[in-house]
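A.B. asks:
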Amino acid sequence: MNDTGLGMSPETVATLFQPFMQADVSLDHSAGGLGLGLALVKDFVELHGGGVSAKSAGIGQGAQFEIQLPLKENIAPAAASAPGKAVLAPRKVLIIEDNLDVASMLQMVLELKGHEVAVAHDGPSGIAMARGFKPHIVLCDIGLPGMDGYEVAQSLRSDPELKALFLVALSGYAMPADLEKSLNAGFERHIAKPIKLELLEELIEQAPLKHRSGL
Numbered sequence: 032m033n034d035t036g037l038g039m040s041p042e043t044v045a046t047l048f049q050p051f052m053q054a055d056v057s058l059d060h061s062a063g064g065l066g067l068g069l070a071l072v073k074d075f076v077e078l079h080g081g082g083v084s085a086k087s088a089g090i091g092q093g094a095q096f097e098i099q100l101p102l103k104e105n106i107a108p109a110a111a112s113a114p115g116k117a118v119l120a121p122r123k124v125l126i127i128e129d130n131l132d133v134a135s136m137l138q139m140v141l142e143l144k145g146h147e148v149a150v151a152h153d154g155p156s157g158i159a160m161a162r163g164f165k166p167h168i169v170l171c172d173i174g175l176p177g178m179d180g181y182e183v184a185q186s187l188r189s190d191p192e193l194k195a196l197f198l199v200a201l202s203g204y205a206m207p208a209d210l211e212k213s214l215n216a217g218f219e220r221h222i223a224k225p226i227k228l229e230l231l232e233e234l235i236e237q238a239p240l241k242h243r244s245g246l
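As numbered in this note's numbering, the sequence shown has no gaps in its residue numbers, which increase by one up to the final residue, 246.
1) Can you tell me whether Ala-111 is helix, strand or coil according to DSSP?
2) Does DSSP put Arg-162 in a helix, in a strand, or in coil?
3) Do the CB positions of Val-140 and Gly-157 come within less than 9 Å of each other?
4) So, does the segment 151-166 touch the segment 88-102, judging by three or more C-beta pairs under 8 Å?
5) When DSSP labels each residue in this structure, what does Asn-215 get in the three-state scheme?
6) Judging by CA-CA distance, which residue of Gly-80, Ala-85, Asp-74 is the nearest neighbour of Glu-42?
7) If I measure Cβ to Cβ from His-167 and keep anything under 6 Å in the same chain, skipping five residues before and after, which residues do I get?
8) So for Arg-122, helix, strand or coil by DSSP?
9) Starting from Leu-131, trace the alpha helix (DSSP H) in both directions and tell me its first and last residue.
Spelled out as structure tokens, the structure:
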């Protein structure tokens with residue numbers, strides 16, 4: 032896509048897809064944007080296995096944006112209906128994420144896949160929602176305000192009605208120490224953001240359809 036607008040400096044292009052980044056041009060700032068739009072585009076495209084890039088010849092020279100998405104190979108009808116081919120059954124997914132845009136994006140993707148999704152934006156609300164919603168899987172951000180994701184997992188594990196939930200930690204950090212801390216808190220998996228679509232589907236598939244003993 033070619034844009035004939037304000038254009039960007041090389042420094043701006045290098046950081047364009049980072050959250051809260053905008054071109055340092057007064058007219059751009061007058062729009063009042065948060066600088067989240069392109070960061071969300073990048074996350075959404077990568078969630079589908081693609082990539083996004085931007086180029087600009089400089090300020091006042093406009094810009095060029097390119098999105099690449101993989102094409103699925105055509106599947107013959109006979110192969111698609113082959114016996115024994117497992118079809119992913121819908122799950123009930125609870126998202127606990129304080130970033131409204133990230134939560135909305137995950138919800139949209141999962142609902143398009145046919146799953147039933149509930150969203151909470153803080154730990155206490157997420158725990159309360161888990162009691163009523165009875166999800167098969169919980170995707171919980173670690174960096175929640177106040178009650179962080181580790182505390183949420185520990186609280187869920189200490190509740191006899193919730194202790195068997197399939198818990199997945201979402202974090203911008205994925206060093207060995209981060210993974211160990213999540214596992215110790217009660218998470219089954221620790222996933223670095225942005226999460227890829229294939230991995231998201233794999234996690235959903237791992238969540239038992241029937242609630243395990245303890246629920």
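Think of the CB as a built atom: it goes at the ideal place given N, C-alpha and C, for glycine as much as any other residue.
Note that this is a predicted model, so its numbers are computed, not measured.
C.D. replies: From the atom records:
1) Any reading at Ala-111 needs caution, since the residue's pLDDT is 46, under 50, leaving its predicted position unreliable; the model's value is listed next. Three-state result, Ala-111: helix.
2) helix
3) no
4) no
5) helix
6) Ala-85
7) Arg-122, Lys-123, Ala-238
8) coil
9) 131-143
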